[in-house]
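Letter 19 of the sequence shown, counting from 1, is numbered 363 in this note's numbering, and no numbers are missing.
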Amino acid sequence: MKKNKKIIIGSVVASVLIILISTIVLALFTSKQEETAKINIGNLDVILEEDWSPEEVPEIGIERNTKTVWGKSVADKKSYVRMRFIPVIEYYYEAEENGTQIAEWRTAPISQSYIKLTVDTHDNWVKQGEYYYYKRILNPKEVTESLNLSWEIVEVPSTIKDYKIRTDVRVLLEYSQVSNEVWKTIFQIDNLPEGVER
345 MKKNKKIIIG SVVASVLIIL ISTIVLALFT SKQEETAKIN IGNLDVILEE DWSPEEVPEI
405 GIERNTKTVW GKSVADKKSY VRMRFIPVIE YYYEAEENGT QIAEWRTAPI SQSYIKLTVD
465 THDNWVKQGE YYYYKRILNP KEVTESLNLS WEIVEVPSTI KDYKIRTDVR VLLEYSQVSN
525 EVWKTIFQID NLPEGVER
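In structure tokens:
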């Protein structure tokens with residue numbers, strides 16, 4: 345009987361140990377540990393600067409005009425930069441509509457062929473389509489080489505000849521991060537122009 349008692353106690357102890365060990369092993373393999381990763385992508389921001397203040401009103405008239413523009417990185421990531429130039433003719437509209445006096449500059453809906461635009465690109469810009477691409481990757485806190493713009497009205501459209509007229513060139517600056525070919529999505533192009541740093 346003593347022998348049977350030892351066998352029963354041994355079996356109970358072994359069973360308890362097996363249950364305990366299997367519970368611990370099962371807990372180790374099924375426990376979920378939450379892991380998180382943080383990525384700091386940094387800031388990317390390039391601003392347009394020009395020697396013609398936005399508050400400054402373009403002079404009335406159709407004389408030849410000029411301005412100089414450049415991009416300036418104000419963040420901590422490298423970027424690709426491109427610019428597009430849209431010359432416009434504005435006319436001064438004065439009228440009374442529904443008892444309200446209107447006096448404002450309006451953009452004339454005309455063909456670009458009425459304005460001759462000249463862009464002096466120096467050495468670090470290349471044109472592709474309607475855009476001028478900066479050839480170098482713009483480093484943080486740096487500025488692009490400037491672009492000198494000059495324009496003149498070739499012919500005043502007959503629809504606005506009786507109004508005060510002024511001209512301007514609107515500048516569109518776009519930029520994209522350098523890594524992961526994000527520029528393909530931002531610029532909506534398949535390849536950067538030849539000569540642009542990679």
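We put the CB at the ideal spot given by N, CA and C, even for glycine.
Residue from the options whose Cα sits closest to the Cα of residue i
i       : options                            : result
Phe-429 : Lys-416, Leu-392, Glu-438          : Leu-392
Leu-388 : Asp-420, Asn-468, Trp-414          : Asp-420
Leu-516 : Val-540, Arg-542, Ile-481, Tyr-477 : Tyr-477
Lys-544 : Leu-493, Ser-455, Gly-415          : Missing from the structure shown is residue 544; the chain here goes from 345 to 542 and no further.
Ser-502 : Thr-462, Ile-533, Ser-455          : Ser-455
Ser-494 : Lys-350, Val-413, Trp-469, Ile-365 : Val-413
Val-500 : Asn-535, Ala-452, Lys-411, Asn-483 : Ala-452
Residue i to residue j span [Cα, whole Å]
i       : j       : result
Ile-530 : Ser-423 : 12 Å
Lys-471 : Gly-443 : 49 Å
Asp-506 : His-466 : 39 Å
Ile-383 : Ile-509 : Since pLDDT at Ile-383 reaches only 46, below the 50 mark, its modelled position is unreliable, and the value read off the structure follows with that caveat. Going from the Cα of Ile-383 to the Cα of Ile-509 covers about 52 Å.
Val-487 : Glu-441 : 47 Å
Ile-504 : Met-427 : 29 Å
Glu-489 : Gln-445 : 45 Å
Val-522 : Glu-541 : 10 Å
Cβ shell of residue i (< 7 Å), same chain only, five flanking positions each side left out
i       : result
Ile-497 : Ile-406, Ile-433, Tyr-458, Ile-459, Thr-511
Arg-450 : Glu-434, Tyr-435, Tyr-437
Ser-520 : Ser-423, Tyr-424, Val-526, Trp-527, Ile-530, Phe-531
Pro-537 : Val-470, Gln-472, Tyr-477
Counterpart residues of residue i in DSSP-defined beta bridges
i       : result
Phe-429 : Val-515
Gln-472 : Tyr-475
Tyr-437 : Glu-448
Lys-411 : Leu-493
Tyr-424 : Ser-520
Burial state of residue i (16 or more Cβ within 10 Å)
i       : result
Asn-524 : exposed
Val-356 : exposed
Lys-479 : buried
6 Å Cβ shell around residue i - same chain, five flanking residues per side excluded
i       : result
Val-418 : Asp-389, Ile-391
Asp-464 : Asn-492
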